[in-house]
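Participant: Pasting a structure here, questions to come.
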Amino acid sequence: MKLVTFIGSLMLVAVFALVPFFLVSANHSWGGYHWARSANPFTLKLGDNVSTGWDAYLAEASGDWSQSPVLDASIVAGNGSKNSKPTAGRIEVCNRKYGNSGWLGLAQIWTSGAHITQALAKMNDTYFGSRTYNTPAWKRLVMCQEVAHGFGLDHQDEVFDNPNLGTCMDYTNDPDGPPTNEHPNLHDYEMLETIYAHTDNFSTADQSAITATVRGGKPAFVDALLENPSEWGRRVKDNGHVALFEKDFGGGNKIHTYVIWAKE
Numbered sequence: 003m004k005l006v007t008f009i010g011s012l013m014l015v016a017v018f019a020l021v022p023f024f025l026v027s028a029n030h031s032w033g034g035y036h037w038a039r040s041a042n043p044f045t046l047k048l049g050d051n052v053s054t055g056w057d058a059y060l061a062e063a064s065g066d067w068s069q070s071p072v073l074d075a076s077i078v079a080g081n082g083s084k085n086s087k088p089t090a091g092r093i094e095v096c097n098r099k100y101g102n103s104g105w106l107g108l109a110q111i112w113t114s115g116a117h118i119t120q121a122l123a124k125m126n127d128t129y130f131g132s133r134t135y136n137t138p139a140w141k142r143l144v145m146c147q148e149v150a151h152g153f154g155l156d157h158q159d160e161v162f163d164n165p166n167l168g169t170c171m172d173y174t175n176d177p178d179g180p181p182t183n184e185h186p187n188l189h190d191y192e193m194l195e196t197i198y199a200h201t202d203n204f205s206t207a208d209q210s211a212i213t214a215t216v217r218g219g220k221p222a223f224v225d226a227l228l229e230n231p232s233e234w235g236r237r238v239k240d241n242g243h244v245a246l247f248e249k250d251f252g253g254g255n256k257i258h259t260y261v262i263w264a265k266e
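The opening residue of the sequence shown carries number 3 in this note's numbering; numbering runs sequentially from there.
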């Protein structure tokens, strides 16, 4: 009896010892979606449409993600759209008071088949002006995460009150930890290497190359501005803290919307 109990205890210890390993080793690709490109590393442009109060956070996110061996997240001038309009071949990053829409941060990707063709990362100042979210930690987490969704990364963990994993791809109620969830971790970089392990014979991260092929015959898909929750399409998942929606335009063309819900 004592031997059985001892063996059972050892097995239990072994299981708990493996839990952190499985948590950080889980696949967190966003559906396999990725930018087509012919070689690594490739440059992915981040259009700067943010106010001066957000510039430092965009710069940090660009620097953090550019440490990946497969991509360079380069900041360029934004398209200047007041309505946060996307631009083919890059991620437009925006902030403004989007109103009491319920969401704190939002990422949208336009996909043709498995390939991302354009993306948006949006920060809602309606909530970031509140006492809860008007902190450097929350701004770093949301900026880092929404930009990374545009690369094709999903969350590592979506349980609100789990211990922090030390990555901005882990949703949390305590972004500054410890450990801090304000920057990527090693597993995020490894996941990007997995997502971008293969190359293509064309690029969707080059605006001049993509315009003719993607815009041709598909203006409703390319030019769509899905600003309201009622326009986001099918609800794929929603745990009350983060949610994913999908709008199908047919012909393999979809717009995916990932949101972080505000708590207030």
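Using N, Cα and C, we set each Cβ at its ideal position, and we do this for glycine too. Predicted model only: the values in this text are computed from it and were never measured.
Taking 7 Å as the limit between beta carbons, can you name the residues of its chain near Asp163, skipping five residues before and five after?
Facilitator: Asn175
Participant: With a threshold of 6 Å on Cβ separation, who are the neighbours of Asp178 within its own chain once the five nearest residues in sequence on each side are excluded?
Facilitator: Same-chain partners within the cutoff: Ala139.
Participant: Would you say Gln120 and Thr89 are within 8 Å of each other, going by their C-beta atoms?
Facilitator: yes
Participant: Quick check on DSSP: helix, strand or coil for Lys249?
Facilitator: Annotated three-state conformation of Lys249 is strand, per DSSP.
Participant: Going straight from the alpha carbon of Asn85 to that of Gly254, what length do you get?
Facilitator: 26 Å
Participant: Let me know the secondary structure DSSP gives Ala75 once reduced to three states.
Facilitator: strand
Participant: What three-state label does DSSP hand Phe8 in the structure shown?
Facilitator: Low per-residue confidence applies at Phe8: pLDDT is 39, beneath 50, and the placement is therefore not dependable enough to give any value.
Participant: In terms of DSSP beta bridges, what is Ser31 paired with?
Facilitator: Leu155
Participant: Smallest Cα separation from Ala79: which of Asp225, Asp50, Lys265, Gly152?
Facilitator: Asp50
Participant: Along the chain, where does the alpha helix (DSSP H) containing Gly65 start, and where does it finish?
Facilitator: Per DSSP, the unbroken alpha helix (DSSP H) holding Gly65 starts and ends at 54 to 67.
Participant: Can you tell me whether Asp57 is buried or exposed? The criterion is at least 16 other CB atoms within 10 Å of its CB, across all chains shown.
Facilitator: exposed
Participant: According to DSSP, Met125 sits in a beta bridge with which residue or residues?
Facilitator: Asn97, Gly107
Participant: In whole angstroms, what separates the C-alpha of Glu192 from that of His151?
Facilitator: Here the alpha carbons of His151 and Glu192 stand approximately 15 Å from one another.
Participant: Would Cys146 and Glu184 qualify as a contact pair, given that the criterion is a beta-carbon distance under 8 Å?
Facilitator: yes
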